[in-house]
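Below is one structure, written out as structure tokens, with a few remarks after it.
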Amino acid sequence: VAYVENARKLLEASRRGANPFDGATPEIPKGSRLESGSKEFLDSEALGLPHLRECAFVLVAGGLGERLGYGGIKIALPLSLCSERSFLQYYIERIMSYGGDAPLTLMTSDDTHSATLAFLEENNYFGFPRKRLSLVKQEKVPSLSDNRAHFVCAPGNPYALETKPHGHGDVHALLHRAGLPERWLAAGRRWVIFFQDTNGLVFHALPAALGESIRHELAVNSLTVPRRAGEAAGAIVRLKYADGRVITNNVEYNQLDPLLRATVQPAGDVADESGYSPYPGNINALIFGLEAYARQLAIKKGAIPEFINPKYSNAEKTKFKKPTRLECMMQDYTLQLDDARGVGFTQFERHICFSAVKNNLPEAMAKAAANLPIESASSGEMDYYAQERWRLTRAGAVIEPAERRTIAGIPLDIGAFVALGPNYAPSLGTLLQRFKGGRITRSSVLIIEGPDILIEDLDLDGALIVQAVPGAKVHLRGIQVRNRGWKLTELEAGDVCPEELAIRGYRFEKLEERALIFEKPGDYLIEA
Ligand code: UTP
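Structure representation (structure tokens):
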């Protein structure tokens with residue numbers, strides 16, 4: 069009853085064209101903007117990195133991924149074909165690389181739960197201690213067919229209701245119900261970090277973002293990127309109400325433009341002199357101070373305001389194009405805070421922290437044509453290599469620039485395929501100590517796995533794999549590698565291949581490689 073009543077109220081408001089932020093005056097929020105690799109960035113990393121082990125990590129992975137249309141769960145997709153690592157394995161190994169005993173919680177849904185559990189079981193939880201891993205499952209909610217909020221029968225079954233995902237905002241109520249925040253707090257944890265299913269890059273920004281949470285004593289820290297005006301991404305906005313209330317919250321792009329037009333910016337969602345919207349773009353990676361979070365959960369029990377976003381098929385707004393439902397978003401947690409103190413953001417360049425996999429090839433082509441972020445499995449993988457190359461460049465490597473190629477209709481910048489293992493360099497600062505200079509050609513492949521490897525003056529034209537077990541202290545000095553390497557080959561019509569390749573449109577052919585594998589602890593020096 070509460071669901072239907074709330075739906076009717078929100079549908080009525082939607083018909084009237086009401087904005088949930090009506091009555092608020094938007095302002096640009098206060099936050100930190102860190103230039104990747106700058107002294108401030110490295111200082112914040114150094115401050116945050118040792119504290120990542122004191123965090124609890126929460127991965128929201130209940131989304132169906134309709135736009136991608138992949139048959140499996142998104143977290144099982146390879147982040148990189150070269151390292152053969154899935155998103156989930158990468159996340160787990162990253163968290164383990166921080167040391168300590170940080171717990172990980174996955175929010176699943178009926179669409180993803182059994183496949184997630186099976187994937188973890190099949191892979192022995194990727195070495196993550198099972199007692200530190202929790203799964204909480206969200207429920208789906210009934211679809212609504214009209215403004216009176218009538219339910220819809222499930223396709224082909226008049227005795228069941230059609231249901232849809234309720235959004236990642238359920239995570240707070242589920243964590244509260246499972247008693248996890250209280251337990252983490254009692255165990256001495258200090259922060260909780262929320263992240264999404266297919267954005268591997270976010271881990272490059274977490275150490276510095278946590279450093280900013282510590283420096284500014286932030287109860288809520290949203291990771292943001294410069295937002296293009298009109299981009300279909302939410303913005304962090306400080307909202308001032310006539311009664312003196314101030315909140316800092318995410319405003320979705322479809323609400324931002326009308327809000328700005330009605331208040332401070334008659335031109336709406338436009339760029340300022342920087343070329344970007346003055347409002348930071350939300351990437352939905354959040355760091356909360358655990359104490360304040362647990363306190364707030366005890367009051368509101370994790371309830372997050374719902375919203376509805378029907379697409380109408382007539383001008384009178386009486387018919388829907390397809391059934392809709394109530395949803396909630398995890399970032400709307402800040403709507404219920406009494407004031408905006410302690411709510412901030414940390415902004416990074418997009419290339420270091422955000423590239424998600426959301427779109428199938430036809431949709432990705434349409435995005436590319438509209439000059440919008442492509443967000444395909446292929447662009448996600450290439451953005452990952454690009455970021456690894458950028459990091460090596462900061463560490464003194466000279467890398468041949470990437471070249472633009474169109475693969476399966478998607479324009480991709482293809483350069484050296486560099487995959488640095490999650491335990492090789494958990495921050496840029498650590499990488500600067502472990503990699504010093506060298507030359508790498510565009511078609512090369514470089515895979516480095518191991519916590520204690522120092523590489524100096526590498527000369528690479530081909531494929532090189534360096535793998536060392538913990539306890540193996542490896543020093544490679546001035547080595548030269550020349551071989552035929554691996555080749556990225558575009559799939560051809562009719563090629564039979566696994567779905568994770570088909571959604572990319574390419575595969576790798578391993579022609580030749582040099583592998584330096586160190587399987588026993590000890591000190592190793594390899595020189596030219
Ligand atoms: P996305 O925006 O990628 O949506 O979700 P989606 O539902 O997964 O994909 P589409 O829209 O059907 O194509 C952002 C994050 O929120 C999680 C997703 O798993 C992803 O990590 N999510 C989304 C949930 O956990 N639950 C939901 O109900 C929806």
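Just so we're on the same page, my numbering is the position in the sequence shown counted from 1, plus 68.
For every residue, glycine included, the Cβ atom is placed at its ideal position computed from N, Cα and C.
- Below 8 Å, enough C-beta pairs join the segment 475-493 and the segment 514-521 to call them touching: three or more.
- Secondary structure of M397 (DSSP, three-state): coil.
- When DSSP assignments are scanned along the segment 421-481, the uninterrupted stretches of alpha helix (DSSP H) that are 4 or more residues long and fall wholly within it turn out to be 429-437, 445-462.
- Within 7 Å of the C-beta of R135 there is at least one heavy atom belonging to the ligand UTP.
- Contact annotation: A287 and Y321 have beta-carbon atoms that are not nearer than 8 Å.
- Going by DSSP, F413 is part of the beta strand (DSSP E) stretching over 411-415.
- When rounded, the separation of the alpha-carbon atoms in L147 and N377 is 31 Å.
- Cβ contact annotation for G168 (same chain, cutoff 6 Å, sequence separation greater than five): R121, in chain order.
- In its chain, beyond the 5 residues on either side, P294 have a beta carbon closer than 8 Å to the beta carbon of S342.
- A residue is called buried once 16 or more other Cβ atoms fall within 10 Å of its Cβ, and H218, having fewer, is exposed.
- Residue pairing for D337: DSSP places it in no beta bridge.
- For the pair of segments examined, the segment 195-212 was found to touch the segment 230-237: the number of CB pairs separated by less than 8 Å reaches three.
- L212 sits away from A222, with the two beta carbons spaced by 8 Å or more.
- Per DSSP, reduced to three states, the secondary structure at K555 is strand.
- Around the beta carbon of V126, a 10 Å sphere encloses 16 or more other beta carbons of the protein chains shown; the residue is thus reported as buried.
- The beta carbons of R216 and R76 sit closer together than 8 Å.
- I351: member of the beta strand (DSSP E) spanning 349-357, first to last residue.
- DSSP, read as helix, strand or coil, puts F388 in strand.
- When the beta-carbon positions are compared, R135 and N382 stay at least 8 Å from each other.
- Burial of V534 is indicated by the presence of at least 16 other C-beta atoms within 10 angstroms of its C-beta.
- DSSP lists no beta-bridge partner residue for S82.
- No residue range can be given for K98, since it is assigned to no alpha helix (DSSP H) and is classified by DSSP as neither H nor E.
- With three or more CB-CB distances shorter than 8 Å, the segment 192-202 counts as touching the segment 163-178.
- No Cβ-Cβ contact shorter than 8 Å links G116 with L328.
- Distance from T414 to T316 at the Cβ level is roughly 13 Å; contact not present, criterion being Cβ atoms closer than 8 Å.
- With distances taken between CA atoms, G464 lies nearest to L500 out of E431, L500, P94.
- Ranked by how close their Cα comes to the Cα of P430, the residues F263, M450, P479 have P479 in first place.
- Short of 6 Å from the beta carbon of R418, and not among the five residues preceding or following it, lie these beta carbons of its own chain, in chain order: V293.
- Look at D527 here: in three-state DSSP terms it is strand.
- Within the DSSP secondary-structure output, E103 pairs in no beta bridge.
- Around the Cβ of R550, a 10 Å sphere holds fewer than 16 other Cβ atoms; the residue is exposed.
- Excluding five sequence positions before and after G139, the CB atoms of its chain that fall closer than 6 Å to its own CB belong to E567, given in chain order.
- Judged by DSSP in its simplified three-state form, I372 adopts coil rather than helix or strand.
- Beta-bridge pairing by DSSP links V549 to L528.
- In this structure, the ligand UTP has a non-hydrogen atom nearer than 7 Å to the beta-carbon of A129.
- Nearest in C-alpha terms to H119, of all of A246, W259, G131, A445, is W259.
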